[in-house]
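Undergrad: For the protein sequence lines, the chains are Z and X, in the order given. Quick note on the numbering used here: the first sequence kicks off at 0 and runs consecutively. Quick note on the numbering used here: the second sequence kicks off at 148 and runs consecutively. From the three backbone atoms N, C-alpha and C, an ideal C-beta is built for every residue, glycine too. Quantities reported herein were computed from a predicted structural model and do not represent experimental measurements.
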Amino acid sequence: MSWQVPLTDLSISEPDIEAVLDCLRSGWLTMGPRTEEFERAFAAYVGAPHAVAVSSGSAALQLALLAAGIGPGDEVLIPALTFVATAEAVLQVGAEPVLCDIAGAPDLNVDVEDLKARLTPRTRAIVLVHFMGYVGPWGPLRQLCDEHDLVLIEDAAQAIGAWAIPADPDAGVAGQRVGTVGELGCFSLFSKGQLCVGEGGMVVSADEALAARVRSLRSHAMTSGTWDRHRGHAESYDVTEVGFNFRLDESRAALGLSRLGRVDDDIEHRRALARRYREHLRDVPGIALTWSEEAVQTGSHFAFAVLSPDREQRDRLRVGLAQAGIQTTFYPALSNFSGYHAYGHHERAGQASACHSALPLHAGLSAEDQDAVIAAVCEAAAG
Amino acid sequence: MPATTLPDIPLFDLALSSADLEAVADTLRSGWLTMGPRTQRFEEAFAEHLGVQHAVALSSCTAALHLAYLTAGVSPGDEVIVPSFTFVATAAAVIYCGATPVFADIVGEHDLSIDPDHVRELLSPRTRAVTAVHFAGYPAPVDRLAQLCEEHGVALIEDAAHAPSATLAGRKLGTFGRSGAFSFFSNKILSIGEGGLLATDDEQVARQARHLRSHAMSSGTWERHTGATTTYDVTGLGFNYRTDEPHSALALSRLSGLEDDIARRRELTRAYRQALADIDGVSVPFTDESVEQSSCYVMPVVLADAERRREVRDGMMSRHGVQTSIYYPPVHRFSAYVERYGQQSLPRTESVAAREVTLPLFAHLAPEQQRRVIDALTQELAP
Numbered sequence: 000m001s002w003q004v005p006l007t008d009l010s011i012s013e014p015d016i017e018a019v020l021d022c023l024r025s026g027w028l029t030m031g032p033r034t035e036e037f038e039r040a041f042a043a044y045v046g047a048p049h050a051v052a053v054s055s056g057s058a059a060l061q062l063a064l065l066a067a068g069i070g071p072g073d074e075v076l077i078p079a080l081t082f083v084a085t086a087e088a089v090l091q092v093g094a095e096p097v098l099c100d101i102a103g104a105p106d107l108n109v110d111v112e113d114l115k116a117r118l119t120p121r122t123r124a125i126v127l128v129h130f131m132g133y134v135g136p137w138g139p140l141r142q143l144c145d146e147h148d149l150v151l152i153e154d155a156a157q158a159i160g161a162w163a164i165p166a167d168p169d170a171g172v173a174g175q176r177v178g179t180v181g182e183l184g185c186f187s188l189f190s191k192g193q194l195c196v197g198e199g200g201m202v203v204s205a206d207e208a209l210a211a212r213v214r215s216l217r218s219h220a221m222t223s224g225t226w227d228r229h230r231g232h233a234e235s236y237d238v239t240e241v242g243f244n245f246r247l248d249e250s251r252a253a254l255g256l257s258r259l260g261r262v263d264d265d266i267e268h269r270r271a272l273a274r275r276y277r278e279h280l281r282d283v284p285g286i287a288l289t290w291s292e293e294a295v296q297t298g299s300h301f302a303f304a305v306l307s308p309d310r311e312q313r314d315r316l317r318v319g320l321a322q323a324g325i326q327t328t329f330y331p332a333l334s335n336f337s338g339y340h341a342y343g344h345h346e347r348a349g350q351a352s353a354c355h356s357a358l359p360l361h362a363g364l365s366a367e368d369q370d371a372v373i374a375a376v377c378e379a380a381a382g
Numbered sequence: 148m149p150a151t152t153l154p155d156i157p158l159f160d161l162a163l164s165s166a167d168l169e170a171v172a173d174t175l176r177s178g179w180l181t182m183g184p185r186t187q188r189f190e191e192a193f194a195e196h197l198g199v200q201h202a203v204a205l206s207s208c209t210a211a212l213h214l215a216y217l218t219a220g221v222s223p224g225d226e227v228i229v230p231s232f233t234f235v236a237t238a239a240a241v242i243y244c245g246a247t248p249v250f251a252d253i254v255g256e257h258d259l260s261i262d263p264d265h266v267r268e269l270l271s272p273r274t275r276a277v278t279a280v281h282f283a284g285y286p287a288p289v290d291r292l293a294q295l296c297e298e299h300g301v302a303l304i305e306d307a308a309h310a311p312s313a314t315l316a317g318r319k320l321g322t323f324g325r326s327g328a329f330s331f332f333s334n335k336i337l338s339i340g341e342g343g344l345l346a347t348d349d350e351q352v353a354r355q356a357r358h359l360r361s362h363a364m365s366s367g368t369w370e371r372h373t374g375a376t377t378t379y380d381v382t383g384l385g386f387n388y389r390t391d392e393p394h395s396a397l398a399l400s401r402l403s404g405l406e407d408d409i410a411r412r413r414e415l416t417r418a419y420r421q422a423l424a425d426i427d428g429v430s431v432p433f434t435d436e437s438v439e440q441s442s443c444y445v446m447p448v449v450l451a452d453a454e455r456r457r458e459v460r461d462g463m464m465s466r467h468g469v470q471t472s473i474y475y476p477p478v479h480r481f482s483a484y485v486e487r488y489g490q491q492s493l494p495r496t497e498s499v500a501a502r503e504v505t506l507p508l509f510a511h512l513a514p515e516q517q518r519r520v521i522d523a524l525t526q527e528l529a530p
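1. Roughly how far, in whole angstroms, is the beta-carbon of SER442 (chain X) from the beta-carbon of ILE336 (chain X), given that I think they are within contact range, below 8 Å?
2. Quick check on DSSP: helix, strand or coil for PRO32 (chain Z)?
3. Taking all protein chains shown into account, decide if GLN369 (chain Z) is buried (16 or more other Cβ within 10 angstroms of its Cβ) or exposed.
4. Could you tell me whether the stretch 308-322 of chain Z touches the stretch 178-190 of chain Z, where touching means 3 or more Cβ pairs closer than 8 Å?
5. What are the boundary residues of the alpha helix (DSSP H) that PHE250 (chain X) is part of?
6. Is the stretch 284-297 of chain X touching the stretch 253-268 of chain X, taking contact as three or more C-beta pairs under 8 Å?
7. Of the residues Z:LEU360, Z:ALA63, Z:LEU90, which one's Cα is nearest the Cα of GLY383 (chain X)?
8. To which residues of the same chain is ALA353 (chain Z) closer than 8 Å at the C-beta, ignoring the five residues directly before and after it?
9. Return the first residue and the last residue of the beta strand (DSSP E) that LEU337 (chain X) is part of.
10. At 4 residues or longer, what runs of the alpha helix (DSSP H) sit wholly inside the stretch 130-202 of chain Z?
11. When you check each C-beta in the stretch 328-339 of chain Z against every C-beta of chain X, which residues fall closer than 9 Å?
12. Does any CB atom of chain X fall closer than 8 Å to the CB of ALA63 (chain Z)?
13. Looking at VAL126 (chain Z): is its Cβ nearer than 8 Å to the Cβ of VAL75 (chain Z)?
14. Report the neighbours of THR471 (chain X) on chain Z: residues whose CB is nearer than 7 Å to its CB, in chain order.
15. Apart from the five residues on each side of it in sequence, which residues of its chain come closer than 7 Å, Cβ to Cβ, to GLY343 (chain Z)?
16. Since VAL235 (chain X) meets chain Z, which of its residues come closer than 7 Å, beta carbon to beta carbon?
17. Please say whether ARG389 (chain X) and LEU450 (chain X) have beta carbons closer to each other than 8 Å?
18. List the DSSP bridge partners of ARG318 (chain X).
19. Would you say ILE11 (chain Z) reaches chain X, if we count a Cβ-Cβ gap shorter than 8 Å as a contact?
20. Which one or two residues does DSSP pair with LEU450 (chain X) in a beta bridge?
21. Once you ignore the five residues that flank THR347 (chain X) on each side, which residues in its own chain have a CB closer than 6 Å to its CB?
22. How many Å lie between PRO165 (chain Z) and MET131 (chain Z) at the Cα?
23. Mind checking if ASP452 (chain X) is an interface residue toward chain Z, Cβ cutoff 8 Å exclusive?
24. List the residues of chain X that ALA84 (chain Z) touches, going by C-beta distances under 8 Å, in chain order.
25. Could you have a look at HIS394 (chain X) and say whether DSSP puts it in helix, strand or coil?
26. What beta strand (DSSP E) runs, 3 residues minimum, are completely inside the stretch 196-234 of chain X?
27. Suppose only complete runs of 3+ residues qualify. What are the beta strand (DSSP E) ranges in the stretch 344-382 of chain Z, listed by chain order?
28. Report the rounded CA-to-CA distance for ASP155 (chain X) versus VAL277 (chain X), giving the unit in angstroms.
29. Taking 7 Å as the limit between beta carbons, can you name the residues of its chain near MET463 (chain X), skipping five residues before and five after?
30. From the DSSP output, read off the bridge partner residues of GLY103 (chain Z).
31. Cβ closer than 9 Å: which chain Z residues qualify as neighbours of SER482 (chain X)?
32. Just the chain X side, please: which residues come within less than 7 Å of ASN108 (chain Z) by C-beta, in chain order?
33. So, does the CB of ASP100 (chain Z) fall closer than 8 Å to a CB anywhere in chain X?
34. Below 7 Å on C-beta distance, what does ARG214 (chain Z) contact in chain X?
35. Below 8 Å between beta carbons: does that hold for THR181 (chain X) and GLY197 (chain Z)?
36. Using the Cα positions of SER356 (chain Z) and ALA240 (chain X), report the straight-line distance between them to the nearest angstrom.
Below you can see the structure in the form of structure tokens.
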């Protein structure tokens with residue numbers, strides 16, 4: 000089956016392709032100069048002193064938790080509505096994920112009051128997810144972490160380029176991007192994201208020691224790498240702890256670096272599409288918007304979701320759109336998964352999961368295709 | 148930082164063909180980067196190449212080993228017998244499962260494979276699996292080990308990172324055990340940057356490995372894109388161990404040149420063996436006959452005098468521009484392993500590991516370059 004309007008689509012430019020081919024022609028494929036350059040450029044883009052390229056957003060979260068010293072016996076607060084990797088990473092390091100409800104429509108990010116009620120003496124960290132690219136409540140959580148001596152880790156897998164503090168050149172405010180308000184920020188370079196290379200991820204931090212620990216653990220905690228030995232910088236190596244192969248490779252770094260230059264344009268295009276969706280769907284009966292105009296301004300628009308009154312009407316909407324050749328998706332709450340039934344039920348997360356549809360959104364979506372989506376939504380909602 | 152010295156004759160060099168580049172460029176132009184039809188084609192081709200039922204493409208060989216152990220039922224409290232004379236991932240992946248690696252010695256200076264007699268001594272009621280590493284592409288005695296494992300009801304796992312097309316008694320390595328783990332890391336024979344694969348004849352192992360490589364999700368992005376399904380369940384604790392389409396396209400393209408590449412490596416290996424046979428102070432492990440079975444991943448030689456290794460290697464590099472390496476510092480001596488398991492004694496591994504030097508070997512190493520390597524070693528060895 001081929002969608003007339005797919006959920007996401009990706010256009011790789013000729014300069015992107017040339018960057019990858021250049022790398023392949025060089026014959027050097029493991030982490031080396033391109034990865035270093037990509038890390039520097041990524042750090043500069045996000046506004047973090049250190050960036051460490053890794054194999055995926057999942058790997059980024061796992062390494063961030065390990066670097067922060069989270070392990071068996073610890074509890075980590077996470078939202079109940081997020082991609083499964085957030086919970087999985089906590090379990091991978093042997094800690095216990097504690098699921099917190101979301102604020103609820105129209106805000107699908109974590110609810111600060113619900114989260115506070117779940118603090119225990121064993122709580123060691125909070126993973127703040129910026130769901131669908133909309134900025135989560137970092138201010139109150141930063142304060143909470145400071146008061147209780149907790150580590151704040153940002154899961155910005157869907158939120159590269161979003162603004163925790165918006166830039167305001169007129170007022171002389173440089174702004175601050177998400178990923179830099181926690182001790183560690185985690186990003187994904189997966190195919191569906193705003194900055195995609197296929198599979199990949201990134202960890203950023205202002206803390207040199209944390210970044211160094213992530214760097215070490217991503218490549219088996221070896222004291223030197225292949226590139227160092229190739230350049231004669233190291234004779235042999237020690238292994239200082241149990242690490243992983245969570246490396247990115249040079250061709251992915253080359254692609255990431257080439258695409259990074261246009262990520263702000265892509266996000267701006269996604270933002271314009273989100274605004275246009277809102278404008279046309281605002282007054283459609285049976286359709287409610289998520290988040291707010293202000294959140295649209297600061298977010299980076301991984302996905303665009305609308306809410307139906309209940310599951311039945313949501314399912315009908317999705318079927319109607321599918322019949323019109325339009326692909327949609329929805330994000331299950333963690334408690335929807337049989338593997339996570341034991342972690343409790345969260346009313347608002349469950350409700351939002353049951354009622355939302357994510358509509359096609361990508362930088363290459365044409366006005367014509369968007370109009371088709373809008374028309375189909377109106378029709379399906381009326382039916 | 149010390150001055151950068153790039154070797155004249157590197158340990159390893161990679162020359163990709165224009166067909167390889169075109170395969171990657173085509174994939175990027177298609178706009179579909181996450182696992183899809185290309186990954187499936189590569190898996191089918193590799194399975195056919197090995198003569199095995201199932202091949203599961205992964206992010207790395209470390210991931211393949213992890214999934215090989217998990218699908219063999221390795222869990223906390225278990226022991227897995229592994230060689231220490233290997234890359235650290237062989238043992239680290241055991242620890243990921245919460246189990247304990249138990250280190251076996253090698254046969255000796257002439258055969259760097261795991262010693263089946265020592266494996267027999269180490270078998271305990273807690274042993275769940277035995278891992279054979281096909282060092283440098285030469286077959287470990289997996290026929291004997293398979294029998295031993297069968298007698299004791301434990302799984303045989305093959306770490307075939309070095310051996311993508313090597314054989315024992317006419318059968319491809321990686322097909323003797325419950326599963327075989329392969330590497331496509333950048334300095335490997337079938338190099339693509341980062342990548343790995345699990346091969347197995349056991350359908351349940353394959354199904355479970357596929358499930359775990361993408362977060363234990365019941366469907367993938369490609370299935371949802373093609374309309375085969377619209378949502379998914381998560382039934383257990385999985386990972387992001389996926390490869391991506393550009394890497395699968397590169398692997399598939401390179402697979403067609405694999406046999407030629409290995410044939411050339413065998414030629415070079417024979418020439419090395421002949422030239423080094425009469426040189427004092429160095430021995431060459433394995434036999435002339437075993438070269439015909441081997442994929443000849445690297446060229447290990449063993450010096451008579453451990454005290455001279457550093458000086459010989461430094462001399463080869465500084466006076467002759469020849470890069471060498473050490474395969475491998477033994478795992479049981481790494482500080483992370485001494486810390487966990489205490490000082491252990493593996494006399495043959497320690498003796499050979501202290502004297503091993505790895506010489507340059509890659510398919511397009513020119514005869515005159517090889518001559519220079521041999522001269523460099525000969526001159527540096529001369530008293």
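TA: This is what the structure holds:
1. Confirmed, Cβ separation roughly 6 Å.
2. In the structure shown, PRO32 (chain Z) sits in a helix (DSSP, three-state: H, G or I).
3. Flag for GLN369 (chain Z) reads buried.
4. No, they do not touch.
5. Premise fails: PHE250 (chain X) lies in the beta strand (DSSP E), 247-251, not in any alpha helix (DSSP H).
6. Taking 8 Å as the limit for Cβ pairs, the verdict is that the stretch 253-268 of chain X does touch the stretch 284-297 of chain X.
7. Per the Cα distances, Z:LEU90.
8. Counting only Cβ-Cβ distances below 8 Å, and skipping sequence neighbours, we find ASP309, ARG310, ARG313.
9. Unbroken run through LEU337 (chain X): none, as it is neither H nor E.
10. Note on the stretch 130-202 of chain Z: whole alpha helix (DSSP H) runs with a minimum of 4 residues are 137-147, in chain order.
11. From the stretch 328-339 of chain Z, only THR328, PHE329, PRO331, LEU333, ASN335, PHE336, SER337, GLY338, TYR339 have a Cβ closer than 9 Å to chain X.
12. Chain X, which has no Cβ nearer than 8 Å to the Cβ of ALA63 (chain Z), makes this no.
13. Contact check for VAL126 (chain Z) against VAL75 (chain Z) passes: the beta carbons are separated by less than 8 Å.
14. Residues of chain Z whose Cβ lies closer than 7 Å to the Cβ of THR471 (chain X) do not exist, since the nearest Cβ in that chain is about 10 Å away.
15. Counting only Cβ-Cβ distances below 7 Å, and skipping sequence neighbours, we find LEU98, SER334.
16. Neighbours of VAL235 (chain X) on chain Z, chain order: HIS219, VAL238.
17. Contact: no.
18. X:LEU315.
19. Taking 8 Å as the threshold, the shortest C-beta distance from ILE11 (chain Z) to chain X falls below it.
20. Per DSSP, the beta-bridge partners of LEU450 (chain X) are X:VAL429.
21. HIS201, SER326, ALA353, listed in sequence order.
22. About 18 Å.
23. Judged by the 8 Å Cβ criterion, ASP452 (chain X) is not in contact with chain Z.
24. At a beta-carbon threshold of 8 Å, the residues of chain X lying near ALA84 (chain Z) are HIS362, ASN387, ordered along the chain.
25. Under the three-state reduction of DSSP, HIS394 (chain X) is assigned to helix.
26. Qualifying beta strand (DSSP E) stretches, in chain order: 201-205, 226-230.
27. Listed in chain order, the complete beta strand (DSSP E) runs (minimum 3 residues) inside the stretch 344-382 of chain Z are 355-358.
28. Straight-line spacing of the CA atoms in ASP155 (chain X) and VAL277 (chain X) works out to 40 Å.
29. Sequence-distant Cβ neighbours of MET463 (chain X) in its own chain, meaning closer than 7 Å and more than five residues away, are VAL469, THR471, ALA523, LEU524, GLU527.
30. For GLY103 (chain Z), which the question treats as bridged, DSSP gives the partners Z:ASP106.
31. The answer, in chain order, is ASP237, VAL238, THR239, GLU240.
32. Near ASN108 (chain Z) there are no residues of chain X at all, since even the closest Cβ is about 21 Å away, more than 7 Å.
33. Contact with chain X is absent for ASP100 (chain Z), since none of that chain's Cβ atoms lies less than 8 Å from the residue's Cβ.
34. Neighbours of ARG214 (chain Z) on chain X: none; closest Cβ ~16 Å, over 7 Å.
35. Yes. Within cutoff.
36. So the two alpha carbons sit approximately 39 Å from each other.
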